[in-house]
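*Asks:* Numbering (this note's numbering), first residue to last: 794 to 1003. Here a beta-carbon is modelled for each residue, glycine too, at the ideal position from N, C-alpha and C. All values reported here derive from a predicted model rather than from experimental measurement.
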C-alpha cells in the first residue's frame, strides 16, 4: 500500500475551469459541448505560448499554478495518446508526400511537454512521461509515490488527454472530451488524512493478476 497527501489540485476541460464548476459537474456529470477552447496560459511569454498545442496548454494551465514558489519539483506526466492532432498532421503530410516540419515532429513526441516544461521553468528535477494504457492515474500515482519515498518533499502529477481527430474514432474511444488534471502530492504525515492506494488481484486469462 502507498500513502500520500494531495496538497492541492487543479483541473481543466472546456467550460470547466473553476473548483465550483468541477464540484457541480461531479454531482451531475455530463459531456461538455464540443469546443476548440483552450485554457488561458497568459502567464507565459507570447513567444513561448506560440509553441504550445492545446494538450500542452492544458498541462501547463493545471501544473504551473501548483508549482508556484516550489523549486526542484519532480514531475510525472501522464497521457495515453499524447499529441494526436500533431501526429495526424504529420502522417497526413507524409501520405501527401509533403515535406515534414522538424518543429512539428519534435513537439509531437511523448516527452515534448516535459521538455518544454523544463526549458520554460528552468527545472532540472527528475521528470517522467508515461503512457500506461487505461491505467495512467494508477501508474502515475505509483511513480509519484516512489519519488516521495525517495525523499522528494513534493511531486507534481499531471494527467492530460486531447480529443483525437475523427480519423482515430475507430481506435480511440476513451477520451470523451479533452481534459487535464494536476495533483500536487506530498508524503503522508502523522496527523494528516492521507490517501492510500493498493494493488488488488483481478481475474486474467492465465489466473489472477495484480
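Alpha carbon to alpha carbon, what distance is there between residue 907 and residue 934?
*Replies:* Rounded to whole angstroms, residue 934 to residue 907 spans 17 Å at the Cα level.
*Asks:* For residue 972, write down the residues that DSSP places opposite it in a beta bridge.
*Replies:* Beta-bridge pairing links residue 972 to 954.
*Asks:* What is the C-beta distance between residue 937 and residue 950, in whole angstroms, given that I count them as a contact (C-beta under 8 Å)?
*Replies:* So it is a contact: roughly 5 Å between Cβ atoms.
*Asks:* For residue 945, I'd like the list of residues in its chain whose CB is within less than 6 Å of its CB, leaving aside the five on either flank, ordered along the chain.
*Replies:* If we look at residue 945 and ignore the five residues flanking it on each side, its Cβ neighbours are 867.
*Asks:* Taking the beta carbon of residue 794 as the centre, do at least 16 other beta carbons fall within 10 Å, making it buried, or is it exposed?
*Replies:* Per the 10 Å Cβ criterion, exposed.
*Asks:* If you pair each beta-carbon of the segment 972–984 with each one of the segment 849–861, do three or more pairs fall below 8 Å?
*Replies:* The segment 972–984, when compared against the segment 849–861, does touch it at the 8 Å Cβ threshold.
*Asks:* Might you give, ordered along the chain, the residues of its own chain that have their beta carbon closer than 7 Å to the beta carbon of residue 954, omitting 5 neighbours on each side?
*Replies:* Closer than 7 Å at the Cβ level, and outside the excluded window around residue 954, lie 872, 873, 874, 968, 971, 972.
*Asks:* Using 8 Å for Cβ pairs, my map puts residue 922 next to residue 903. What's the rounded Cβ distance?
*Replies:* Yes, residue 922 and residue 903 are in contact; Cβ-Cβ is about 5 Å, under 8 Å.
*Asks:* Quick check on DSSP: helix, strand or coil for residue 836?
*Replies:* Coil at residue 836, not helix or strand.
*Asks:* Under 8 Å Cβ to Cβ from residue 880, same chain only, skipping five residues before and after it: list those, please.
*Replies:* Cβ neighbours of residue 880 beyond the five flanking positions: 901.
*Asks:* Please report how far the alpha carbon of residue 805 lies from the alpha carbon of residue 827, in whole angstroms.
*Replies:* Approximately 14 Å, taken between the alpha carbons.
*Asks:* Helix, strand or coil for residue 869, going by three-state DSSP, please let me know.
*Replies:* Strand at residue 869.
*Asks:* What span of residues does the alpha helix (DSSP H) with residue 851 cover, start to end?
*Replies:* Per DSSP, residue 851 belongs to the alpha helix (DSSP H) from 847–860.
*Asks:* DSSP state of residue 798, grouped into three classes?
*Replies:* In the structure shown, residue 798 sits in a strand (DSSP, three-state: E or B).
*Asks:* Comparing alpha-carbon positions, which option in 833, 877, 823 lies nearest residue 956?
*Replies:* Among 833, 877, 823, the Cα nearest to that of residue 956 belongs to 877.
*Asks:* If you drop the 5 nearest sequence neighbours on each side, which residues of the same chain put their C-beta closer than 8 Å to that of residue 817?
*Replies:* If we look at residue 817 and ignore the five residues flanking it on each side, it has no Cβ neighbours.
*Asks:* In chain order, what residues of the same chain lie with their CB nearer than 8 Å to the CB of residue 851, ignoring the 5 residues before and after it?
*Replies:* Taken in chain order, the residues that qualify are 805, 831, 832, 953, 955, 971, 972, 973.
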